[in-house]
Amino acid sequence: MSDINNLRIHFYGVQGSGSIFPSLSERKATQDHMDRELLACIFADLEQYVGKDGRISARVEEIIGGPPTPNNLLNYRDRFNIPSPRVYGGWTTCVHVETADGADIVFDCGSGFRVCADNLVRKWGDREKRELYIFGSHSHYDHTEGFDQAAVCFDPRNHIHISANRTYLRALDQNLGIFTHHVDSSHKGVVTPLYYELMPAKFYSCEIRDLAQEPPSADGDALANRYHDLNSSFQIGETCIQPFEVFHPSPCLAYRVERRGKVFVFCTDHELRRGDDPTDPRQRDSLEAEARLREHSRDADVLYRDGQFLQAEYDGFQGIGSPVGVSRLDWGHSCIEDVIDMAVECRVKSTYIGHHDPNRDWSERNWFDETLRRKSEQSGYHLQLAQAETVIDL
Ligand SMILES: [Zn+2]
Ligand SMILES: [Zn+2]
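The working numbering puts the first residue of the sequence shown at 328, with every later residue one more than the last.
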């Protein structure tokens, strides 16, 4: 019996461009912070044992409630209920949605997909029905790099349905040949030692495209096992998934997921372009994509959205982890300030800002989160930076 009420969203990877992990100085700063908090609590606690002579007169057992065994020490610490520090970093984009009717749906196969797939294999155990539905956003490496490391690809009992635009399907296929059963000799073994003969799961591809604009060829096609019209939704059990195009240097899809009236919008890698020429077709395309995103996000329960830069960083007035600013126009990512405006205007209940820049350090992210916490209090809409391992029940 599932303990999922409706939809469970699990963020496995929220980093943009590349995986990052805490540096030595970030780990030390976290340790120092925790030690300071704990020591302050311990010394405040010891005050009750200070006699008139200013000395502490109590045995260790009395203070911690028993001999100093590892368990007793941890129980003593837990009395103080010190909040854990915010932890940032981790793998690149992968979000898993589990539904109460048993569907497993994954958005993107960045490096977070390896961990997600391990958990899926554990969850599936020996069950008969082993279906995974993957929806891809776009072909960039940080959205595909975890695929050939995922345990789900190596069990012949697993059925993996991958729906995405053509460039995403091609990005997975050109090194691995999982759909076409062919790898060009110039690709074989170059990027990865793996290819389809070493990956015994069953793979099914579905190309999402605007069929009115681009009808499929009559002879069919080796890359796409089937087609799905961009303008119609997928139905997986009771869950309805509507793809839509956003704006990025490589064609990119976002998805609106709805089940029993609850809505989650997954939108990674989208740029609300801040160009100054309104006649530039890129500016027009970006604004049209932003309007689509807003329409699909209106009154949503949860939105995951790219907000890689501050506006000053986007404009090149300020560097990220470096004193030198570089213009980020046409890099394909949005500004945090614009995401906040959009979330409030669209009345999104909870917004998780992701695709974090790998050069952004922890102290800066902590400061962003504090700012977002205050904004949430003012606006009544929850805003925070997306963190790996966050689980949201809808
Ligand atoms: Zn990306
Ligand atoms: Zn990208």
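Note that CB positions come from ideal geometry on N, CA and C, so glycine has one too. The structure displayed is predicted, hence computed values, not measured ones.
| Check | Outcome |
| --- | --- |
| Please confirm if the region 400-420 is in contact with the region 353-369, defined as three or more CB-CB distances below 8 Å between the two stretches. | yes |
| In three-state DSSP terms, what is Cys436? | coil |
| Does DSSP put Gln358 in a helix, a strand or coil? | helix |
| Just to confirm my understanding: we take Gln342, look at its own chain, exclude 5 residues before and 5 after, and list those with CB closer than 7 Å. What are they? | Gly416, Gly417, Trp418, Thr419, His683, Pro685 |
| Looking at the strands, I want to know which residues DSSP matches up with Val377. | Ile383 |
| Look up Ile505 in the DSSP assignment and give the residues it is bridged to. | For Ile505, which the question treats as bridged, DSSP gives no partner whatsoever. |
| If I'm right that Asp482 touches Pro527 with Cβ under 8 Å, what's the distance once you round it to whole angstroms? | 7 Å |
| Please classify His337 as buried or exposed, where buried requires at least 16 neighbouring CB atoms within 10 angstroms. | buried |
| Suppose contacts are defined by Cβ-Cβ distances below 8 Å. Is Ser466 in contact with Asp435 by that definition? | no |
| Relative to the C-alpha of Phe440, which residue among Arg413, Asp475, Asp428, His623 is closest? | Asp475 |
| May I have the straight-line CA-CA distance separating Val671 from Ser706, to the nearest angstrom? | 7 Å |
| Which class does Thr678 belong to by DSSP, given the choice of helix, strand or coil? | strand |
| For ligand 4, any of its heavy atoms closer than 7 Å to the Cβ of Asp596? | Ligand 4 is absent from the structure shown, which contains only ligand 1 and ligand 2. |
| Would you mind reading off the limits of the alpha helix (DSSP H) that contains Ser624? | 608-624 |
| Nearest to Asn558 by CA position, among Phe574, Glu534, Ser649, is which residue? | Glu534 |
| Taking buried to mean at least 16 other C-beta atoms within 10 Å of its own C-beta, is Asn398 buried or exposed? | exposed |
| Would you check if the distance between the CB atom of Gly681 and the CB atom of Arg632 is smaller than 8 Å? | yes |
| Would you check if the distance between the CB atom of Tyr679 and the CB atom of Ala627 is smaller than 8 Å? | no |
| Who are the Cβ neighbours of Gly345 in its own chain at under 7 Å, not counting the five residues just before and after it? | Thr419, Asp469, Pro685 |
| Helix, strand or coil, according to DSSP, for Leu656 in the structure here? | coil |
| Going by CA-CA distance only, name the one from Ala498, Leu373, Gly393, Cys421 that's closest to Gly340. | Cys421 |
| Measuring CB to CB, does Ser490 end up less than 8 Å from His423? | no |
| First and last residue of the beta strand (DSSP E) that includes Lys456? | Lys456 -> no beta strand (DSSP E), and no H or E assigned at all. |
| Which residues in the same chain have their Cβ closer than 8 Å to the Cβ of Ile563, if we skip the five residues on either side of it in sequence? | Thr426, Ala430, Ile432, Tyr460 |
| Going by C-alpha distance, which of Pro576, Arg553, Glu704 is nearest Ser677? | Glu704 |
| Do Ser661 and Gly634 come within 8 Å of each other at the CB atom, strictly closer than that value? | yes |
| Are Leu721 and Leu334 touching if we call contact CB-CB under 8 Å? | yes |
| Just the Cα atoms here: how many angstroms apart are Arg700 and Tyr641? | 23 Å |
| Are Ile568 and Phe462 touching if we call contact CB-CB under 8 Å? | yes |
| Determine the direct distance from the alpha carbon of Lys355 to that of Ala551, and round the result to whole angstroms. | 49 Å |
| Hey, would you say the C-beta of Asp330 is under 7 Å away from at least one heavy atom of ligand 1? | no |
| Helix, strand or coil for Phe571 per DSSP? | strand |
| For Cys594, which of helix, strand or coil comes out of DSSP? | strand |
| Compare the C-alpha of Thr471 against each of Asp596, Lys456, Ala498 and name the closest. | Ala498 |
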